[in-house]
Every structure is written in structure tokens, then in C-alpha cells.
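J.: Chains as they are written, first to last, in our numbering: chain L, -14 to 199; chain B, -14 to 199. Heads up, the beta-carbon is just placed ideally off N, CA and C, and yes, glycines get one too.
2 protein chains.
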Amino acid sequence: MEDTTNATELPPSRRPGSARPGGRTARTREAVRRATLAELAEKGFDRLTVDGVAARSGVHRTTVYRRWGSPAALAADALDLARDEPWPVPDTGTADGDLRAITAEVVSGFTGAATAPVARALVAAAVRDPAAGRALHAFLTGRQRAAAAVVSRAVDRGELPPGTDPEEVVRMAVAPLYYRLFITGEGADAATAERAAAGALAAARAGAFTAAPG
Amino acid sequence: MEDTTNATELPPSRRPGSARPGGRTARTREAVRRATLAELAEKGFDRLTVDGVAARSGVHRTTVYRRWGSPAALAADALDLARDEPWPVPDTGTADGDLRAITAEVVSGFTGAATAPVARALVAAAVRDPAAGRALHAFLTGRQRAAAAVVSRAVDRGELPPGTDPEEVVRMAVAPLYYRLFITGEGADAATAERAAAGALAAARAGAFTAAPG
């Protein structure tokens, strides 16, 4: 496949004040990222290659090799870019509704036809490669921090005990889903997601996640 | 390295009534399993090879290739054999003590110097390979079923509501540890283990895992 751009000699041009820099470097990175995600969805991490991503992206392969160098680095960079994407935190008015929305999103992300192949491939990459693992870690802990707002709001509303550790509640809500999907292979569905949210909420209400249990 | 046994022509001899058959086939399988675990501990799953296991085990490499064929099959068989090992279910007298013992064992297994390398390598194998994944699934669901006895006993003692799903409580107790260790890379320690056990117990006490919430 022929290159459609020659991005080998790009200076690092970035628009100041733009959250997503719009220069040619950023466009190259975005093209490579899209190609990485498409290749991951089609082939999985085990069959991801730098050549395949370069061919699909239209970016010169020497550029892709120089900047990313390995399939794991491509997967890690796709995760890094995903961290910057806006993620609307659920705000249904109750901790129960918000936590159910969060766990439902985890299940649909890893089981829905449109998203599951690439989401699962990124987790597989993270388990295999330390750089991809760090990128997944940063991505998920960022999401956890954002999602923790639903717990903080519930504490402010008096739904949950003062001093509740917000991230610990989120972790307990989503952990059973990852455990079923990636560790035991038991699978997860909408009912599983609801039960996980209900379990975390019940524990939080009982004061299991306060520094001094209530 | 030279073979120390020639096990290529063994008939499948098994002692009836013995949980761990003691014939030459079983001895070969055990030698290969020990070698697999030692190689996994030293090198991890990515560098596990059939040749390396054959050399270490002293079993003829054509035998190892014929019966196991791939690193993933070796890892899967090691997990299959581990399912038959006795596992003493904690029985401290309280659900709290028992669940803490279970979560502490998960953390020590994956972080202790003697056990962590092979335990982590087996999970890595399971994420990468479907056969190893099925073997890990069978191993962990077997452990979950066994561990569920601590919850059933607590229900019988009146510590937990009637109708509590025993396996769901165990799953919720251990899931945050696997999530931290293998998905987010946040790590897990004794305090994490205690908090996970306390969270699952609080949710169970509140009736979050009964068919009709109490």
C-alpha cells in the first residue's frame, strides 16, 4: 500500500491552548491511532504489526517505526490518546442510578459488537506488555477518578456516610466485571452489572469504605 | 540435554481408586508439570518453550511435543493438575475471619516471592491463550466453589441473610484484588485484602447477594 502522506520530517507544531493539538504531528498521531484501533479490532493484539498499522494509516512506515517502534507502543499510545477524550460522568440523581450506569457501560464496552474487539485487545496488550500496561493503568485510574464524582456527590447529598472513599466504591463496583471477563472467563451481562453496582453501594452504605467504619 | 527417561511408548496405566494416578504416564505428566512451573517462574510465559520444558523435565522432547505441543498447552495442563491439589478452606469460626483469610491468600499468592512469578505467568498465559484461559477458568471456579463453603456456613450460623449467594460473596471479595493486580496495575497488599473482604461482607450482611434483597 502506498503512503498518502509523507510525515517523516514534521516539526512538532502544536496550537497553544488547544486540548487536541491540530498540527501535522497531531494529525499523524491520530491517523496512526485510528489505524491501530482498526487493526486491533480486526486482528487482536497478537496479530498487530507495525507494518499493518503503517499501511492502513497511510503514514510512512519509517515514521511509524521511528515514533512507535512496536505493536505494544502503538497500543499504549492509543490508550494515551483515549485518556484525553471527554467522558460524561453519569448524573442520574442517585448513587444507585449512577453506579448502575457506570457498571453497565463497562459491560457494554467489553461485550458490545462495536467496541468489544478493540477493548479486549487493549486489555490483552496491557497484560502482556509493561508499556501498554502502564498506559491502561493511567487510562483506567483516570476514569476511576472521574467516576468517583458520583460517590462524592452522593456523600454530599447524605446518601452515603461521610468519609466514604469515592474511588474504592467505584473500584468495587467495576472489579467483579473485569474479574469475570478477563480472569475467570465467566462472562458479564446487564444483570451482572446491576448486581456489582448494588453490592458496592450496599457496602458503601454500611460504611465499609470510610476511614473509620460507620 | 539428554533424556533421563524414555516415556514415548508408555501405555496409559493408572491405579484405579487413586486420586493422583501413580503410573509412568502420571509420573511423566508430573515431571513435565514441575518443569513447566519452574520454567514459568524463571522466564515467564512469553519465554516458555516446549524444548525448554522437555530439557528441564528429562522427558523425551518428542513425547512432550506429541502430548502437549505448545507452551499454552503446558500451562493449561499445569493448571489442570493444580485443580486436583487439596486446598484447605479457611474455617476460623466467623465469616469475617474466613473471608480475610481467603483474600490474604490471593494477595500472598500473587505477591509472595516464592509463588508470584508462576502465579502471574499462569494468568498471563490465560489472557493470551484460549486453552490456558479455559484451564484457569476451571481452576478458579473450582476454588470459588470450595471457598463458598465459608459463606454457606455463615448463613447457617445466622451471620448472613438466608438466600445469600455464596459464590457471589467470594467473587466480590477477591475481584478487587485481581482487578488491581492485573487490570489497573495498582498493586495489592494486606490492607487491600482486608478492605476487599470487609466490603464483600458488608454487602452480604446488607442482603445485596440474596435473590430477594433482605
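With distances taken Cα to Cα, identify the nearest neighbour of threonine 77(B) among Ala134(B), Val17(B), Thr169(B).
T.: If we check each option's Cα against that of threonine 77(B), Ala134(B) comes out closest.
J.: Are proline 161(L) and arginine 113(B) touching if we call contact CB-CB under 8 Å?
T.: No, they are not a contact pair.
J.: Is isoleucine 168(B) close to chain L? Criterion is C-beta to C-beta, closer than 8 Å.
T.: So yes, isoleucine 168(B) belongs to the interface.
J.: Report yes or no: is there a C-beta of chain L within less than 8 Å of the C-beta of serine -2(B)?
T.: Per-residue confidence for serine -2(B) stands at a pLDDT of 37, beneath the threshold of 50, marking its modelled position as unreliable; the derived number appears in the next sentence. So, not an interface residue.
J.: In the structure shown, what three-state DSSP assignment does threonine 195(L) receive?
T.: In this structure, threonine 195(L) counts as strand in the three-state DSSP scheme.
J.: At the level of alpha carbons, what is the spacing between glutamine 129(B) and threonine 10(L)?
T.: Taking the straight line from one Cα to the other gives about 50 Å.
J.: Whose C-alpha, out of Ser137(B), Ile168(B), Leu64(B), Gly82(B), is nearest the C-alpha of glutamate 179(B)?
T.: With distances taken between Cα atoms, glutamate 179(B) lies closest to Gly82(B).
J.: Considering Cα atoms alone, identify which of Arg165(L), Arg52(L), Ala104(L) is closest to threonine 177(L).
T.: Of the listed residues, the one whose Cα sits closest to threonine 177(L) is Arg165(L).
J.: Answer with yes or no whether the minimum CB distance from alanine 176(B) to chain L is below 8 Å.
T.: It does not: the Cβ of alanine 176(B) has no partner Cβ on chain L nearer than 8 Å.
J.: How is threonine 149(B) classed by DSSP in three states: helix, strand or coil?
T.: In the structure shown, threonine 149(B) sits in a strand (DSSP, three-state: E or B).
J.: May I have a chain-ordered list of the beta strand (DSSP E) segments no shorter than 3 residues that lie completely inside the region 34 to 76 of chain L?
T.: Correct list: empty.
J.: Say whether chain B places a C-beta atom closer than 8 Å to the C-beta of histidine 45(L).
T.: No, no contact with chain B.
J.: Let me know the secondary structure DSSP gives glutamate 15(B) once reduced to three states.
T.: DSSP places glutamate 15(B) in helix when its eight states are reduced to three.
J.: Skipping 5 residues on each side, what residues in its chain have a beta carbon closer than 7 Å to that of serine 123(B)?
T.: This sequence places alanine at residue 123(B); serine is not what is there. Contacts found: Arg68.
J.: Can you pull the chain L residues whose beta carbon is under 8 Å from the beta carbon of valine 108(B), in chain order?
T.: In chain order: Val112, Ile168.
J.: Taking CB distances under 8 Å as the criterion, tell me whether leucine 125(B) reaches chain L.
T.: Answer yes: the Cβ-Cβ gap between leucine 125(B) and chain L drops below 8 Å somewhere.
J.: Taking 8 Å as the threshold, find out whether the region 179 to 192 of chain B comes into contact with the region 180 to 192 of chain L through three or more Cβ pairs.
T.: A contact exists between the region 179 to 192 of chain B and the region 180 to 192 of chain L.
J.: Among residues of its own chain, excluding the 5 on either side of alanine 16(B), which ones have a beta-carbon nearer than 7 Å to its beta-carbon?
T.: So the list reads Ser42, Gly43, Val44, once near-sequence residues are dropped.
J.: For tyrosine 50(B), is the classification buried or exposed, using 16 other Cβ atoms within 10 angstroms of its Cβ as the cut-off for buried?
T.: Exposed, since its Cβ has fewer than 16 Cβ neighbours within 10 Å.
J.: Looking at the structure shown, is glutamate 171(B) part of a helix, part of a strand, or coil, going by DSSP?
T.: It is coil, neither helix nor strand.
J.: Measure the alpha-carbon distance for alanine 120(B) versus glycine 37(L) and round it to whole angstroms.
T.: Roughly 32 Å separates the two Cα atoms.
J.: Report yes or no: do the region 135 to 152 of chain B and the region 142 to 158 of chain L share at least 3 C-beta pairs separated by less than 8 Å?
T.: Flag = no, the region 135 to 152 of chain B and the region 142 to 158 of chain L do not touch.
J.: How far does the alpha helix (DSSP H) with glycine 118(B) in it extend, from its first residue to its last?
T.: Start and end: 115 to 141.
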